[in-house]
Amino acid sequence: MLPRERLLAALRRLPVDYVPCSPSFSHLTEVQRHGQPWNYPWRPDESPYRYMLDVLGVDPVVSMLFWDGTYCPADEVTSRTWREGEVLHKVFETPSGELHAAVEVNELWPFGDDIPLYHDFVAHYREPWLQTEADLECMRHVVLPPHTDAQVDAMRATIVRQKAVADSLGLATKASIGLGLTGALMACGAEAICTMVIESPDLVDGFLELEHRASLRMMEIAVEAGVDIIRRNGFYETCDFYSPVMLERFLGRRLRAEVEAVHAGGALAAYTVHSGIMPMLDYLAGIDFDCICDLDTGFANMDAAGVHSKLGDRKSFWTGPSSTFHMYAKDPEVVRQAVRDAFTAFGKTGLVIATVSSTHPMMPWENTLAMIDEWRALR
33 MLPRERLLAA LRRLPVDYVP CSPSFSHLTE VQRHGQPWNY PWRPDESPYR
83 YMLDVLGVDP VVSMLFWDGT YCPADEVTSR TWREGEVLHK VFETPSGELH
133 AAVEVNELWP FGDDIPLYHD FVAHYREPWL QTEADLECMR HVVLPPHTDA
183 QVDAMRATIV RQKAVADSLG LATKASIGLG LTGALMACGA EAICTMVIES
233 PDLVDGFLEL EHRASLRMME IAVEAGVDII RRNGFYETCD FYSPVMLERF
283 LGRRLRAEVE AVHAGGALAA YTVHSGIMPM LDYLAGIDFD CICDLDTGFA
333 NMDAAGVHSK LGDRKSFWTG PSSTFHMYAK DPEVVRQAVR DAFTAFGKTG
383 LVIATVSSTH PMMPWENTLA MIDEWRALR
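Position in the sequence shown (from 1) plus 32 gives the number in this note's numbering.
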């Protein structure tokens, strides 16, 4: 089987010649690397796909060069940034007013003189993007999918270029689209969103519908252009933050609509959930994602066998050694055991081995080699 054929069959829980290994190698930013060594055997500006195929013998997937936080503001929207001491400000000027955020800038801020609408560095917020209905009204001019012919053509052209790379190597393609409550946390801050779903549910609902509509359109463009896998980012859509009832109330119908749109276009729907999922297994069972990816089985409260028992008859699993608990270990045997544990918990049907949620350049390279060697022995 070619890598694309093998990976897609595994994600569909169909027979494969062997269990695929499809790790993600994150480059991180220079700020995030903190001057630590670059241990990948390829340069930062070099594509890893050929090395992954020819040397490592794994089944990489080609990701699209846009991410799940992509948005295309209306033409009349402008933005500006400025600094006041250690505080960086950014404003989107919209027909409904100013949308403003401010962050504390220090050596840990990785975005220079910019404040993305969506980012993981919410501890830096002095003032988040979304606090009021007025902010949401401004966002309606900002959180838009590609909506002009030029924007749609540019997105399609990006997909065509990446698909050409994938086709030349026999690889599958993946686009990360959709943020939901993950995006809400990024725009509001972690503590704020957990209180807003109780105190201002209509505001949260309004944002989620706005983001959902934008994501649906991007998913439609991606599957029409032939992307194989649409990965929905549910990293912060778990019971680490919300009850299963709240998840169903805010996300259920929207996730089902997104999965339906992906399937209607002939693509596979994958869902990233990282931790805090044990109370939400019934909820997940009711949404037809093909694959659960980036599930971190290193957490003490994660019952991997229990997850498989509940979901394994209908979903595949893209998982393996944890970047938090295993891949930085000084002893590669820790990584090998994590691979063995993944095979024990999930079996060989519907399993794709990978680091969770990604491999980092400063990780000991021998740990990546240990993961691949153990996978090769068990696959």
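By construction, the Cβ of each residue, glycine as well, lies at the ideal position given by its N, Cα and C atoms.
DSSP places residue 263 within a strand segment (E or B) once states are collapsed to three. Taking C-beta atoms as the reference points, residue 388 and residue 322 fail to come closer than 8 Å. Out of 105, 394, 169, 401, the CA that lies nearest to the CA of residue 69 is found in 394. Buried is the label assigned to residue 210, since at least 16 other Cβ atoms lie within 10 Å of its Cβ. Around the C-beta of residue 144, fewer than 16 other C-beta atoms lie within 10 Å, and the residue is accordingly described as exposed. Shown here, residue 180 sits in coil according to DSSP, grouped into three states, outside any helix or strand. Of the candidates 281, 293, 291, 294, the residue whose Cα lies closest to the Cα of residue 312 is 281. Take residue 287, set aside five residues on each side of it, and the residues of its chain with a beta-carbon closer than 6 Å to its own are 319, in chain order. Note that the region 197–209 does not touch the region 140–156; fewer than 3 beta-carbon pairs, one per stretch, sit closer than 8 Å. Annotation for residue 323: no alpha helix (DSSP H) segment contains it, though the beta strand (DSSP E) segment containing it runs 323–325.
Here the alpha carbon of residue 404 sits roughly 18 Å from the alpha carbon of residue 36.
In the three-state scheme derived from DSSP, where H, G and I count as helix and E and B as strand, residue 147 is classed as coil. Per the DSSP secondary-structure output, residue 303 pairs in a beta bridge with 264, 324. Residue 357 and residue 370 have their alpha carbons spaced roughly 10 Å apart. 265 is the residue among 291, 353, 265 whose C-alpha sits nearest the C-alpha of residue 151.
By the neighbour-count criterion, in which a residue is buried when 16 or more other Cβ atoms sit within 10 angstroms of its Cβ, residue 247 is buried. The bridge partners DSSP lists for residue 122 are 113, 133.
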